[in-house]
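Trainee: Got a structure for you, written out below as structure tokens; questions coming shortly.
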Amino acid sequence: MSSTFEQIANIIAETCDIPRDTIKPESHAIDDLGIDSLDFLDIAFAIDKAFGIKMPLEKWTQEVNDGKATTEQYFVLKNLADRIDELVAAKNAGAGTGS
Amino acid sequence: MKLETFQLIDRIVDLNLDTKTIVVEADVPPECHSVFSGHFPGYPIMPGVLLTEAMAQSSGWLILGLTKFERMPFLAMVREAKMRGFVPPGSLLTIEAKIEHEGSGFAVTSAKVRIGKDVKCNAELTFRHVPFPSPDLRVHMDAMATRIGFPQQALSAAGNE
């Protein structure tokens, strides 16, 4: 089974037509890969479906806007993979049913 | 339909917030409507972009219901739109939409337009939804809801998530 990073990198490559080999764990989805908000919506849809989760994009965006988090925490891909792993773990623990 | 004001649907036939589905109807204008003078002379058919908008508005009412009129959906993406058959003036359209995915601040629907049993077009639609950005817009949508028979009881009847 491929890693979470591998899965989201493949999703990004396919969704945004970005060469897979340019997508690294250290890549920032916005600053390095140039993914815009519409494409990220598409990526979120694909990630939600692939992992059976609901990425809390609005909460993350609010935290960034409020200065409580940086975009790197959510949009550097290795960090995004960690956030997804946390969401999957929470879902599997039966605690991920809310929005 | 009131194409001049971009009102593409006429009435809600069924809204089920448990199954996350909606059925609406729309009356295509008669041949004398100006839209058909150019689309097309001697062969009037509904433009596919308007049929797509009708599917979007149908989906939008479903999302409005699911968010209990607290958030306004805006069309963001149209995927796999297929115009499967011509829609002539005066047709009665039945438009069905269902939620395929509820994300954080967005929703994805699938929708199709039928005349009788014949599917004329279908698409997958993605919407961003945000808290109402304008009080005037909220007032407008409330008035529209009344006009098209939005079943307010569906809001209270919906099961808790």
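Just so you know, the sequences run in chain order A and B.
Heads up, the first sequence is in our numbering, so the first residue is 1 and it goes up one at a time.
Heads up, the second sequence is in our numbering, so the first residue is 100 and it goes up one at a time.
We treat Cβ as the ideally placed atom computed from N, Cα and C, and that holds for glycine.
Alpha carbon to alpha carbon, what distance is there between residue 163/B and residue 46/A?
Mentor: Mapped onto the first sequence, residue 46/A falls at position 46. Mapped onto the second sequence, residue 163/B falls at position 64. Approximately 23 Å between the Cα atoms of the pair.
Trainee: Taking a cut of 9 Å between CB atoms, which residues from the segment 5-24 of chain A lie near chain B?
Mentor: Correct list: empty, as no residue qualifies.
Trainee: Where residue 108/B and residue 44/A are concerned, what is the direct C-alpha to C-alpha distance, given to the nearest angstrom?
Mentor: Within the second sequence, numbered from 1, the residue matching residue 108/B stands at position 9. Within the first sequence, numbered from 1, the residue matching residue 44/A stands at position 44. Their Cα atoms are separated by approximately 30 Å.
Trainee: Kindly list, in the order they appear in chain B, the residues whose Cβ is closer than 9 Å to that of residue 57/A.
Mentor: Residue mapping note: residue 57/A aligns to position 57 of the first sequence, counting from 1. Correct list: 202, 203, 204, 205.
Trainee: So residue 181/B and residue 221/B are in contact, right, with Cβ under 8 Å, and what is the actual spacing, rounded?
Mentor: The residue you call residue 181/B lines up with position 82 of the second sequence. The residue you call residue 221/B lines up with position 122 of the second sequence. Contact flag correct, Cβ pair sits at about 6 Å.
Trainee: Do residue 233/B and residue 223/B have their CB atoms nearer than 8 Å?
Mentor: Locating residue 233/B in the second sequence gives position 134, where the first residue counts as 1. Locating residue 223/B in the second sequence gives position 124, where the first residue counts as 1. No. Outside cutoff.
Trainee: In chain order, which beta strand (DSSP E) runs of at least 3 residues are fully inside the segment 191-245 of chain B?
Mentor: Counting whole runs of 3 or more residues, the segment 191-245 of chain B contains the beta strand (DSSP E) stretches 191-201, 205-214, 217-230.
Trainee: Counting only the same chain and skipping the five closest in sequence on each side, list residues whose C-beta sits under 6 Å from that of residue 259/B.
Mentor: Here residue 259/B corresponds to residue number 160 of the second sequence, with the count starting at 1. Here residue 259/B scores only 48 on pLDDT, less than 50, and its place in the model should not be relied on; the value that follows carries that caveat. Here the set comprises nothing.
Trainee: Can you check whether the C-beta of residue 170/B is within less than 8 Å of a C-beta belonging to chain A?
Mentor: Position 71 of the second sequence, counted from the start, is the residue given in the question as residue 170/B. No, residue 170/B does not count as interfacial toward chain A.
Trainee: Starting from residue 276/B, trace the beta strand (DSSP E) both ways and give me its first and last residue.
Mentor: Outside the displayed range of chain B (100 to 260) lies residue 276/B, so it cannot be described from this structure.
Trainee: Against residue 44/A, what residues of chain B qualify as contacts under a CB-to-CB distance less than 8 Å, listed in chain order?
Mentor: Here residue 44/A refers to the residue found at position 44 when the first sequence is read from its first residue. Under the 8 Å cutoff, chain B gives 202, 203, 205.
Trainee: Using CA atoms only, rank isn't needed, just tell me which of 243/B, 228/B, 122/B, 245/B is closest to residue 176/B.
Mentor: The count along the second sequence starts at 1 and reaches residue 176/B at position 77. The candidate whose alpha carbon is nearest that of residue 176/B is 228/B.
Trainee: Return helix, strand or coil for residue 186/B, following the three-state DSSP convention.
Mentor: Position 87 of the second sequence, counted from the start, is the residue given in the question as residue 186/B. Coil at residue 186/B, not helix or strand.
Trainee: Taking Cβ to Cβ, would you say residue 88/A is nearer than 8 Å to residue 53/A?
Mentor: As a first step, residue 88/A must be located in the first sequence, where it is residue number 88. As a first step, residue 53/A must be located in the first sequence, where it is residue number 53. Taking 8 Å as the Cβ cut-off, residue 88/A and residue 53/A qualify as a contacting pair.
Trainee: Could you confirm whether any beta carbon from chain A is found closer than 8 Å to the beta carbon of residue 65/B?
Mentor: Lying outside 100 to 260, the shown extent of chain B, residue 65/B is not represented and no answer is given.
Trainee: With a threshold of 6 Å on Cβ separation, who are the neighbours of residue 214/B within its own chain once the five nearest residues in sequence on each side are excluded?
Mentor: Mapped onto the second sequence, residue 214/B falls at position 115. Around residue 214/B: 190.
Trainee: With which residues is residue 76/A paired in a DSSP beta bridge?
Mentor: For this step, residue 76/A is matched to residue 76 along the first sequence. Note: residue 76/A sits in a beta bridge opposite 28/A.
Trainee: Helix, strand or coil for residue 145/B, going by three-state DSSP, please let me know.
Mentor: As a working note, residue 145/B is residue 46 in the second sequence. DSSP places residue 145/B in coil when its eight states are reduced to three.
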